[in-house]
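**Student:** Residue numbers (the working numbering): 2 to 182.
The beta carbon of each residue, even a glycine, is placed where N, CA and C say it ideally should be.
Fair warning: this is a prediction, and the values are worked out from it, not measured in the lab.
Have a look at this one before I ask anything.
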């Protein structure tokens, strides 16, 4: 915890978290650890505006590459935000994927986000908590039991993304539900 006295307004941080009512803190997969404002200024090139589109730090290399007309690296996960910045063009639908070395995992697609905490990897959709960030930005109300189809789809998206991880980081296959005879 930072006691303050380092900023003109004596801002005090608790667990290195912003003083907002979001769940989680820095290095967490809850919105309190993920949601960070970004400010971009390029007078005469990028018009002033506010946009709440979710983006990821992996998007900056392809964005800067497009802005300066350089070919970005071919092996990368990000996408260019240049059209969003320059023209306020919508971004394509995509998933955001997080995994922490300390047993925290999350995946987001649109307004829906699934979170898993625990030593054991999430093997089924029932192992997750599901939140609608538009309706519940503080991630207080698990909707997995009311939205089993959405939970299953996000779980599959997580497994697909996790299959791209290094072999040592991949979750083990789901246990078979058939009994041995």
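1) On the DSSP bridge list, what partners appear for residue 130?
2) Between the stretch 79-91 and the stretch 40-55, do three or more beta carbon pairs fall short of 8 angstroms?
3) Can you tell me whether DSSP reads residue 107 as helix, strand or coil?
4) Short of 7 angstroms in beta carbon distance, which residues of its chain neighbour residue 144, apart from the five on each side in sequence? Order them along the chain.
5) DSSP three-state call for residue 43: helix, strand or coil?
6) Below 8 angstroms on the Cβ atoms is my guess for residue 36 versus residue 60; work out the distance and round it to an integer in Å.
7) How big is the Cα-Cα spacing for residue 146 and residue 72?
8) The alpha helix (DSSP H) spanning residue 83 covers which residue range?
9) Rounded to the nearest angstrom, what separates residue 113 and residue 92 at their Cα positions?
10) Note down the Cα distance separating residue 101 from residue 166, rounded to an integer number of angstroms.
11) Cβ atoms of residue 99 and residue 30: under 8 angstroms apart, would you say?
12) Apart from the five residues on each side of it in sequence, which residues of its chain come closer than 7 angstroms, Cβ to Cβ, to residue 96?
13) Using a C-beta cutoff of 8 angstroms, does residue 124 count as contacting chain C?
14) Counting only the same chain and skipping the five closest in sequence on each side, list residues whose C-beta sits under 8 angstroms from that of residue 139.
15) Please say whether residue 115 and residue 153 have beta carbons closer to each other than 8 angstroms?
16) Please list, in chain order, all residues of the same chain as residue 62 whose beta carbon is under 8 angstroms from its beta carbon, the five residues on each side excluded.
17) Taking the straight line between their C-alpha atoms, what separation do you get for residue 160 and residue 122?
**Tutor:** On the basis of the data shown:
1) Reading the chain shown from its first residue, position 129 is the one you call residue 130. DSSP, once it has assigned bridges, lists 116 as partnering residue 130.
2) yes
3) Against the chain shown, residue 107 aligns to sequence position 106. In the structure shown, residue 107 sits in a strand (DSSP, three-state: E or B).
4) Within the chain shown, residue 144 is the residue found at index 143, counting from 1. Excluding sequence neighbours, residue 144 sits near 131, 132, 133.
5) Locating residue 43 in the chain shown gives position 42, where the first residue counts as 1. Three-state result, residue 43: coil.
6) Indexing the chain shown from 1 puts residue 36 at position 35. Indexing the chain shown from 1 puts residue 60 at position 59. No, residue 36 and residue 60 are not in contact; Cβ-Cβ is about 15 angstroms, not under 8 angstroms.
7) Reading the chain shown from its first residue, position 145 is the one you call residue 146. Reading the chain shown from its first residue, position 71 is the one you call residue 72. Those two C-alpha atoms are separated by around 45 angstroms.
8) On the chain shown, residue 83 is found 82 positions in, with the first residue counted as 1. Counting along the chain, the alpha helix (DSSP H) containing residue 83 begins and ends at 83-88.
9) Working through the chain shown from its first residue, we reach residue 113 at position 112. Working through the chain shown from its first residue, we reach residue 92 at position 91. Distance between the alpha carbons of residue 113 and residue 92: 16 angstroms.
10) Translated into positions along the chain shown, residue 101 becomes position 100. Translated into positions along the chain shown, residue 166 becomes position 165. Cα to Cα, the separation comes out at about 12 angstroms.
11) What you label residue 30 is simply residue 29 of the chain shown in a count that begins at 1. What you label residue 99 is simply residue 98 of the chain shown in a count that begins at 1. Cβ atoms of residue 30 and residue 99: closer than 8 angstroms.
12) Position 95 of the chain shown holds residue 96. Cβ within range, chain order: 108, 109, 110, 158, 162.
13) Looking for chain C here will not work: only one protein chain is present.
14) Within the chain shown, numbered from 1, the residue matching residue 139 stands at position 138. Excluding residues within five positions, the ones whose Cβ falls inside 8 angstroms are 22, 23, 24, 32.
15) Here residue 153 is taken as the residue at index 152 of the chain shown, counted from 1. Here residue 115 is taken as the residue at index 114 of the chain shown, counted from 1. Not in contact: residue 153 and residue 115 (Cβ atoms no closer than 8 angstroms).
16) Counted from its first residue, the chain shown places residue 62 at position 61. So the list reads 73, 74, 77, 79, once near-sequence residues are dropped.
17) Indexing the chain shown from 1 puts residue 160 at position 159. Indexing the chain shown from 1 puts residue 122 at position 121. Rounded to whole angstroms, residue 160 to residue 122 spans 11 angstroms at the Cα level.
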